[in-house]
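Visitor: My structure is below; once you've seen it, I'll send some questions.
Chains as they are written, first to last, in this note's numbering: chain V, 63 to 936; chain B, 82 to 196.
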């Protein structure tokens, strides 16, 4: 433990450094005085006594230094000195400091913001127990199936489902809507998150007629239960029933991909829906048993699917469950976009660093005389390098700190911009990993990019440098050519980013200009589901629909219709079908079409054009011949050479006598699944001729002059005047649905555009700095040229030619780089080739213009050089 | 660069400064720097002349090693002075330095006296 005590002593000295100096000083002073006194006593004169004492003592300054060095802190003292000195230098040239810090801050800030997202989305483990074992089963499933799978599956240790529904919560003052997760026992167990207070619902309580129990989220607990540590046992009013709070979840908990304020048992809350095998509305999550692979689990699931299909052919004939690792499912398509953005933002950082290095280099050349004098006075090469490096590290750490501020702003901007896919993940924030990332990036930047200038500074040949007057030395020429290379690469990288952004912008505008097949303006949509208890039979459903549409259409200025699945609403039903008179196809091998039921003037309300035949009329109703309208894609695919009007089709696999539908019209194609998705063949049929009782849902499409919240309230009032207990959800305008469907592309485009703009600005600053410096260095030469009769035009050409050379080289290498790199973003582009020549050309011209503009300012200064002043300056 | 006394006095052999300081402190208990210098000089009959200032870096190194401790006190002349005192580790070190010194001196003596 001796070394430990020694370390403690050394540290104590470091802390009491100034005391140490004073003590040593006093001690030595006493020594000298006593010796001097002794000499005086022995009869010397005062002067010689002092001289003799000093002689015997030795070099006090040197000895003090020795005593200090003994403690081993000189590196620290040097560092502190360098930092102090560096800070002073930076304060002395605030312009340089501000530009350098800003340059880095932009690069580091943008990187940090994107890294926060990457960190939250791609790197952080999901906030569940052993998340790598969790899988999601697609598509959704029904509660009876979930129970069967829970019983039968051998691959899963646990599993369960959830469906989030909005319910009224009777708070202290007024009713509010809260999101209630209807779960079955197994759901919370599967995710493996323990409640913070209380317990979760046990399997014994998750039964029909079980107790009404609720587990609340941390958010709910804080907002409505006053964070009461004794909240367990409270009674809360949810959707008209009293529930007893039995648990509070921790703040970090949220079900995958959705939010819920309260969790209650589905079977207790809604025994009817819970018993329906064909109501596939639960999002189900499963935990793989230890050692079970995804493939094994998939095989196990296939066997269960077969059994269920045999057992319940009416409902489960087409089962095809697919297991997806939870993380993959949550991250999905965002991954490639994020990686491209991360690459792009890395390039921005590279440009920042090149600018930073170029600034430092300029400064190093400017300070060379000072460094040379220091070297001449005996400063070691290492010490000089360290001094320069300290300065650049200081700058880069300051840049990093400022970058954090930018990142803070940037992250909150990202969060407001983030597309649906990112919104599914709540873990986006700056944590220690992000801070560490910033710290490492900034210090490395300072050291790596401070190295070149430091090296140039240290190479200084003392005699040589003192002789010359600070112009055109080997070192500064070399510095100049390195800087040219830096600026050239900045331009090249900026071009790559601009091309990337240009491609995305072009793709996005292509996407925007795609005709969705309907007119989204002034259309409001909302989703209704009829409870099975009262609307089990089709006539009841038809009656409700008709009554509702009559009421809505009687509102002034309102046109209302309904469809099973609204375009861009993320729902899709497909059926197999048979065409009359065509050769029979093997059962199960029939072609599939999108199947939509409509009521009211749907095509009119959505302004979907009718290409041929006629629209449905009120006469196309129950009891009348079955009619259908198909879309153009259906005609292209199945009767390209035959007039579709009058053709007859029926659904495949129907038992009983065939129900032939006659095609009466052809409607325009609609982009149902997204503007960038192909249109599938589709068949529209009247709701009233629908023979599938399970289609108890519908989406209202309402066109009105003014799509306002008031209208929504009015519509809800009408709905509830027909039936007061119909839940209304997913209220969106059609424009919103389009915006949401474009959100990911918009996000990519905005961010890459932002990065490209940053890159452009930084590169412009870079080339401007280099040219300004070059003009400054050549003032003398330009003065001579002017004196010898060069015209202003010649001077302009001289400077601009230099800049143009750099710009051309930069652009040429940038194009090469872009050709190689844009392939990586092909998956993000819509109908634009990664090598789109127009984009490349446009971007190259833009960059060339910016570069020339950046050269023009220093060139103008060069033109104004007064030869007399320039020459006298010498 | 010589910082020694130009008068003819013998420099102390290199490496023995610690030994001299340790021994001096062992004999006399607490001393401040000036007293240590004087003591070494006096006892060696003025033969060993410490370059007085170099005591101080040496004392610092000994403080780091934990061989001595220092405390401020008052001299007879009522001046503030830093008094150094041997620690247990210092005593141990003294024994180590002594035996090392004797080994070296013995060896040198044998070399010199060999015929």
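All C-beta atoms in this analysis are idealised placements derived from N, C-alpha and C, irrespective of residue type, glycine included.
1. Give me the Cα-Cα distance between residue 145/B and residue 165/B, rounded to the nearest whole angstrom.
2. Quick one, which residues of the segment 124-148 of chain V are near chain B if we go by CB-CB under 7 Å, in chain order?
3. Only counting runs of 4 or more residues, tell me where the alpha helix (DSSP H) segments fall wholly within the segment 189-261 of chain V, in order along the chain.
4. Is the Cβ-Cβ distance between residue 818/V and residue 560/V less than 8 Å?
5. Taking the continuous alpha helix (DSSP H) assigned at residue 740/V, which residues delimit it?
6. If residue 309/V sits next to residue 259/V, beta carbons under 8 Å apart, how far is it from one beta carbon to the other, in whole angstroms?
7. State the Cα-Cα distance for the pair residue 681/V and residue 718/V, rounded to the nearest angstrom.
8. According to DSSP, is residue 593/V part of a helix, a strand, or is it coil?
9. Can you tell me whether residue 751/V is buried or exposed, with buried defined as 16 or more other CB within 10 angstroms of its CB?
10. Which residue from 734/V, 709/V and 736/V puts its Cα closest to that of residue 725/V?
11. Can the beta-carbon of residue 873/V be found closer than 8 Å to that of residue 906/V?
12. Helix, strand or coil for residue 709/V, going by three-state DSSP, please let me know.
13. Compare the C-beta of residue 838/V with all C-beta atoms of chain B and state if any pair is closer than 8 Å.
14. Closest by CA to residue 937/V, which one among 556/V, 399/V and 387/V?
15. Could you give the first and the last residue of the continuous beta strand (DSSP E) run that contains residue 899/V?
16. Could you give the residue range of the beta strand (DSSP E) that holds residue 638/V?
17. Given that a residue counts as buried once 16 or more other Cβ atoms are within 10 Å of its Cβ, and exposed if not, what is residue 177/B?
18. With 7 Å as the C-beta to C-beta threshold (strictly closer), list the residues of the segment 130-142 of chain B near chain V in chain order.
19. Using alpha carbons as the reference points, say which of 545/V, 500/V and 824/V lies closest to residue 512/V.
20. Taking the alpha helix (DSSP H) that residue 841/V falls in, what are its first and last residues?
21. Smallest Cα separation from residue 835/V: which of 329/V, 420/V, 702/V and 162/V?
22. Nearest CA to the CA of residue 659/V: which residue from 623/V, 643/V and 714/V?
23. Verify the CB distance criterion: does residue 114/B have a CB-CB separation below 8 Å to chain V?
24. For residue 888/V, I'd like the list of residues in its chain whose CB is within less than 7 Å of its CB, leaving aside the five on either flank, ordered along the chain.
25. Is residue 513/V close to chain B? Criterion is C-beta to C-beta, closer than 8 Å.
26. Can you list the residues of chain B that residue 96/V reaches, using a CB-CB cut of under 7 Å?
27. Would you tell me roughly how many angstroms separate the C-alpha atoms of residue 141/B and residue 163/V, rounded to the nearest one?
28. Would you say residue 91/V lies against chain B (beta-carbon separation less than 8 Å)?
29. Tell me where the alpha helix (DSSP H) around residue 474/V begins and ends.
30. What are the start and end residues of each continuous beta strand (DSSP E) run of 3 or more residues lying completely inside the segment 365-436 of chain V, in chain order?
31. In angstroms with no decimal places, state the Cα-to-Cα distance between residue 930/V and residue 860/V.
32. Would you say residue 88/V faces chain B, with C-beta separation under 8 Å as the test?
33. Quick one: does residue 162/B have its CB under 8 Å from some CB of chain V?
34. Check whether the Cβ atoms of residue 344/V and residue 462/V lie closer than 8 Å to each other.
35. Quick one: what's got a C-beta closer than 6 Å to residue 83/B's C-beta in the same chain, skipping five residues either side?
36. Within the 8 Å Cβ cut-off, does residue 493/V reach chain B?
Guide: On the basis of the data shown:
1. 13 Å
2. 125, 128, 129, 132 and 133
3. 205-214 and 249-253
4. A contact, by the Cβ cut-off of 8 Å.
5. In the DSSP assignment, residue 740/V falls outside any alpha helix (DSSP H) and carries neither an H nor an E.
6. Contact holds; Cβ gap of about 6 Å.
7. 25 Å
8. coil
9. buried
10. Measuring from the Cα of residue 725/V, the nearest candidate turns out to be 709/V.
11. yes
12. coil
13. no
14. Look at the range of chain V in this structure, 63 to 936, and you will see that residue 937/V is not part of it.
15. Segment 899-925 is the alpha helix (DSSP H) holding residue 899/V; no beta strand (DSSP E) there.
16. 636-641
17. Per the 10 Å Cβ criterion, exposed.
18. 132, 133, 134, 135, 137, 138, 141 and 142
19. The shortest Cα separation from residue 512/V among 545/V, 500/V and 824/V belongs to 545/V.
20. 841-849
21. A check of alpha carbon separations from residue 835/V across 329/V, 420/V, 702/V and 162/V identifies 420/V as the nearest.
22. 623/V
23. It does: the Cβ of residue 114/B has a partner Cβ on chain V nearer than 8 Å.
24. 896
25. no
26. 115
27. Taking the straight line from one Cα to the other gives about 43 Å.
28. no
29. 443-479
30. 384-387
31. When rounded, the distance between both Cα atoms is 20 Å.
32. yes
33. The Cβ of residue 162/B sits closer than 8 Å to at least one Cβ of chain V.
34. no
35. No answer about residue 83/B holds up, because its pLDDT of 40 lies below 50 and its placement is not dependable.
36. no
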